[in-house]
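With my numbering, the residue at position 455 of the sequence shown is 455, and numbering never jumps.
Don't be surprised by glycine CBs; every beta carbon is placed ideally from N, CA and C.
On a predicted model such as this, the values are computed, not experimentally measured, just so you know.
The next block holds one structure in the form of structure tokens; read it before the comments.
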Amino acid sequence: MPPEFLGAIFFLIYLSMKIKAFFIYLFVIVILVNTFSQVDRVEPPYWWTGMHNPELQLMVHGKNLAGSDVEIDCDGVTITSVLTLDNPNYLFITLKFGERVKPGIFSVKLKKSGNLFASFEYELKQREPGSADRKGFDNSDVIYLLMPDRFANGDPSNDVVEGMREQIVNRKNRTGRHGGDLKGITEHLDYIIHMGFTALWMNPVLENDMDRVSYHGYSITDFYRVDPRFGTNEQYHDLCRLANENGMKIIMDMVFNHIGSRHLWMEDPPSSDWINFYPDYVRCNHRRTVNQDPYASESDRRLMVSGWFDRTMPDLNQRNPFLATYLFQNSIWWIEYAGLSGIRMDTYPYPEKNMMTEWNRRVLAEYPRFNMVGEEWSLDPGLVSYWQKGKQNRDGYRGNLPGLMDFPLQNALKESLLAEDGWDSGWMKLYETLASDYEYPDPFNLVVFPDNHDMSRFYVQMDKNEKLYRLGIIYILTTRGIPQILYGSEILMTHPKSAHHGDIRKDFPGGWPGDSVNAFTGEGLSEKQKAMQAFFKKLLFFRMNHPVLHDGKLIHYAPEKGTYVYGRFNDQETIMVILNKSVDPMNLNMERFTELVGDHRTGTDIITGQPLNLAKSIEIPGLTGYILELQ
Numbered sequence: 001m002p003p004e005f006l007g008a009i010f011f012l013i014y015l016s017m018k019i020k021a022f023f024i025y026l027f028v029i030v031i032l033v034n035t036f037s038q039v040d041r042v043e044p045p046y047w048w049t050g051m052h053n054p055e056l057q058l059m060v061h062g063k064n065l066a067g068s069d070v071e072i073d074c075d076g077v078t079i080t081s082v083l084t085l086d087n088p089n090y091l092f093i094t095l096k097f098g099e100r101v102k103p104g105i106f107s108v109k110l111k112k113s114g115n116l117f118a119s120f121e122y123e124l125k126q127r128e129p130g131s132a133d134r135k136g137f138d139n140s141d142v143i144y145l146l147m148p149d150r151f152a153n154g155d156p157s158n159d160v161v162e163g164m165r166e167q168i169v170n171r172k173n174r175t176g177r178h179g180g181d182l183k184g185i186t187e188h189l190d191y192i193i194h195m196g197f198t199a200l201w202m203n204p205v206l207e208n209d210m211d212r213v214s215y216h217g218y219s220i221t222d223f224y225r226v227d228p229r230f231g232t233n234e235q236y237h238d239l240c241r242l243a244n245e246n247g248m249k250i251i252m253d254m255v256f257n258h259i260g261s262r263h264l265w266m267e268d269p270p271s272s273d274w275i276n277f278y279p280d281y282v283r284c285n286h287r288r289t290v291n292q293d294p295y296a297s298e299s300d301r302r303l304m305v306s307g308w309f310d311r312t313m314p315d316l317n318q319r320n321p322f323l324a325t326y327l328f329q330n331s332i333w334w335i336e337y338a339g340l341s342g343i344r345m346d347t348y349p350y351p352e353k354n355m356m357t358e359w360n361r362r363v364l365a366e367y368p369r370f371n372m373v374g375e376e377w378s379l380d381p382g383l384v385s386y387w388q389k390g391k392q393n394r395d396g397y398r399g400n401l402p403g404l405m406d407f408p409l410q411n412a413l414k415e416s417l418l419a420e421d422g423w424d425s426g427w428m429k430l431y432e433t434l435a436s437d438y439e440y441p442d443p444f445n446l447v448v449f450p451d452n453h454d455m456s457r458f459y460v461q462m463d464k465n466e467k468l469y470r471l472g473i474i475y476i477l478t479t480r481g482i483p484q485i486l487y488g489s490e491i492l493m494t495h496p497k498s499a500h501h502g503d504i505r506k507d508f509p510g511g512w513p514g515d516s517v518n519a520f521t522g523e524g525l526s527e528k529q530k531a532m533q534a535f536f537k538k539l540l541f542f543r544m545n546h547p548v549l550h551d552g553k554l555i556h557y558a559p560e561k562g563t564y565v566y567g568r569f570n571d572q573e574t575i576m577v578i579l580n581k582s583v584d585p586m587n588l589n590m591e592r593f594t595e596l597v598g599d600h601r602t603g604t605d606i607i608t609g610q611p612l613n614l615a616k617s618i619e620i621p622g623l624t625g626y627i628l629e630l631q
């Protein structure tokens, strides 16, 4: 055999061995990848040392994790329990952190029959100094409420994100996505600050990977991920940090009652009782009175708490202790991660109420000076006050919630301004509603507002009567509580009377390239809009610089002939507010107000700068409000 032929044979044998070895190597790699990719989700994604609660529940998701033995080699970390519920794809691992635990990364190994089945790394971060002592929003603040999708588009490249279900951006579609994002808010944060607002509440920014109507944020599909069409977790963190550096507080909108129907839990729930009535759709009866009604049936109570808010919003079962802990930790994670100053909790009366009490206790244990406000859209102060911390309820329920949205006062303000004055109508409606503050343990921690993202804008409620609108805004910014203003109120944003949510939540002018009107710069605004913007700014800065309007005592006088008078006072300052909604001028005999006025002889209207002599009767023009700083 020729040497050349023999050499060719040896080369082919060598090559075949190499190829065989390559495929063997590739097979081993595939096996290893499959072995160590069994875990696809760990929540919370990381945690911090030095927390008040030394325990942490990890929810681990993967393929057939049930039956795993869990090992951790980290000084100061012990495993207190490893549990699987109905679904073998989940493990709930409870860790306890001792005094010796330090920040760092450690491995969590999952074994079956002594063999390594899967593993993942987990990180404990160092808490920032003073994070536990963070101060929440309070009645020194004025909150600006905006909807991220409708405020400003700072990054058109994330308008459509590959892989997400809703792919179309169309500003003409009232229920579609318009492209607003976190970058747009960050770029215009200075506008909000320079207007005089001190706190920012954004509607939910977490992932809503729904087929349609995903813009509003209330159908969450991932509790630990900012929706990519708004930006990233890092961008949210940076926005919060920038706001804090400029003296502005961030309030996060959270939802515990329900999820979006495209959440992983709908396809692969940790247990059969994770979602109420799963997999069937049973609609909530929305009878919020069952929590206080002594005659309510158990079936009505169950349907209120367990029924789905909407077909695309499955109801979470907060009676499941693992789900409850998941939600507790999620709140604390976002507070710590983003440096939040508050939480606004959506649909507060809908979840299991004892779980909500425990949520408040857990959060306040970590952050004693923090603040949370709940949405209880009822018009009876007795129903709203039921949830506030310190309320003594007949049924023995003790809520731990610091604050609530004051829907009764909002409704009373609207009706008072629109109705003719009578024995029990007009201003008397507002007067009597405020008198019901005896129902609340802490009425000064209620959030007061003329409107919000779920109702007709206040300007439309006032039939676009600018003078009535001004009276309402004066009231909101001078009464007790924490004022909240909906974006665009300062420029008289309006909509058709149909009150379609998509119309109420219009795009803020100037937030998109090519807008013919730019409210940020004033370009294209009408003189009326510019005047209203200046009016808001003057009131907001006056309120900011006068603590008497934050926590000063309040006194009010029964309305007469279309005029309502009240005052705010402390040892240093007295403010007198006069609201005349009659078309006719009103003469006020100042002797009636001696209790408020005292020895003061003059008062200067902060809106016009006009001084008034308080030693005699004063005349206030029709449809006019005075905010008098007494000297």
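Inset, instruction - Give the DSSP-derived three-state secondary structure of Phe593 in the structure shown. - result: helix
Legend entry - C-beta atoms of Gly180 and Asp133 nearer than 7 Å: no
Inset, instruction - Report buried or exposed for Ser81, applying the criterion of at least 16 other Cβ atoms within 10 angstroms of its Cβ. - result: exposed
Legend entry - Cβ pair Pro402, Pro381 closer than 7 Å: no
Legend entry - Where the beta strand (DSSP E) through Leu110 begins and ends: Gly104 to Lys112
Legend entry - Extent of the continuous alpha helix (DSSP H) run through Leu362: Looking at the sequence itself, residue 362 is Arg, so the reference to Leu does not match. Element bounds for Arg362: Lys353 to Glu366.
Inset, instruction - Could you please give me the residues that DSSP links to Lys96 through a beta bridge? - result: Glu55 and Thr78
Legend entry - Identity of the residues DSSP links to Val565 by a beta bridge: Tyr557 and Ile578
Legend entry - Helix, strand or coil at Ser602 according to DSSP, with G and I counted as helix: According to the sequence displayed, residue 602 carries Thr and not Ser. The answer is strand: DSSP assigns Thr602 an E or B state.
Inset, instruction - Would you identify the three-state DSSP class for Ser272, choosing helix, strand or coil? - result: coil
Inset, instruction - Between the Cα of His188 and those of Leu242, Asn276 and Ser219, spot the shortest distance and give me the residue it belongs to. - result: Leu242
Inset, instruction - Evaluate His258 with the Cβ neighbour count: other Cβ atoms within 10 Å of its Cβ, from every protein chain shown; 16 or more gives buried, anything less gives exposed. - result: buried
Legend entry - Check whether Leu628 and Met590 have beta carbons under 7 Å apart: no
Legend entry - Test item: CB-CB of Thr574 and Leu630 under 7 Å: yes
Inset, instruction - Specify, as a first and last residue, the run of the alpha helix (DSSP H) that Arg225 falls within. - result: Unbroken run through Arg225 is the beta strand (DSSP E), Asp222 to Val226; no alpha helix (DSSP H).
Inset, instruction - Would you kindly check if the distance between the Cβ of Arg568 and the Cβ of Leu554 is under 7 Å? - result: yes
Inset, instruction - For the alpha helix (DSSP H) containing Val384, list its first residue and its last residue. - result: Pro381 to Ser385
Legend entry - Residues sharing a beta bridge with Asn587, DSSP: Glu619
Legend entry - Opening and closing residue of the beta strand (DSSP E) in which Asp253 lies: Lys249 to Met254
Legend entry - First through last residue of the alpha helix (DSSP H) which encompasses Trp201: That residue, Trp201, is in no alpha helix (DSSP H); its beta strand (DSSP E) goes Ala199 to Met202.
Inset, instruction - Could you tell me the distance, in whole angstroms, from the CA atom of Gly307 to the CA atom of Arg288? - result: 12 Å
Legend entry - Residue range of the beta strand (DSSP E) that includes Gln388: Per DSSP, Gln388 belongs to no beta strand (DSSP E) and is neither H nor E.
Legend entry - Beta-carbon gap between Thr49 and Pro129 smaller than 7 Å: no
Legend entry - Identity of the residues DSSP links to Leu122 by a beta bridge: A quick correction: the sequence has Tyr, not Leu, at residue 122. Bridge partners of Tyr122: Phe106.
Inset, instruction - Compare the C-alpha of Asn268 against each of Lys63, Ala615, Lys528 and Gln529 and name the closest. - result: What sits at residue 268 in the sequence shown is Asp, not Asn. Residue Lys63 is the option with its Cα nearest to Asp268.
Inset, instruction - Could you tell me the boundaries of the alpha helix (DSSP H) in which Gly472 lies? - result: Glu466 to Thr478
Inset, instruction - For the stretch 290 to 306 and the stretch 323 to 341, state whether three or more C-beta atom pairs, one from each stretch, are separated by less than 8 Å. - result: no
Legend entry - Coarse secondary structure for Arg229, derived from DSSP in three states: coil
Inset, instruction - Please list the segments of the alpha helix (DSSP H) lying wholly inside the stretch 396 to 443, counting only runs of 4 or more residues, in order along the chain. - result: 407 to 418 and 427 to 435
Legend entry - Residues near Glu415 by beta carbon distance below 6 Å, same chain, minus five either side: Lys429
Inset, instruction - Drop a sphere of 10 angstroms on the beta-carbon of Gln392, count the other beta-carbons inside from all chains shown, and report buried for 16 or more, exposed for fewer. - result: exposed
Legend entry - Rounded separation between Phe328 and Trp377 - CA only: 23 Å
Inset, instruction - Could you check what DSSP says for Met493 in three-state terms: helix, strand or coil? - result: coil
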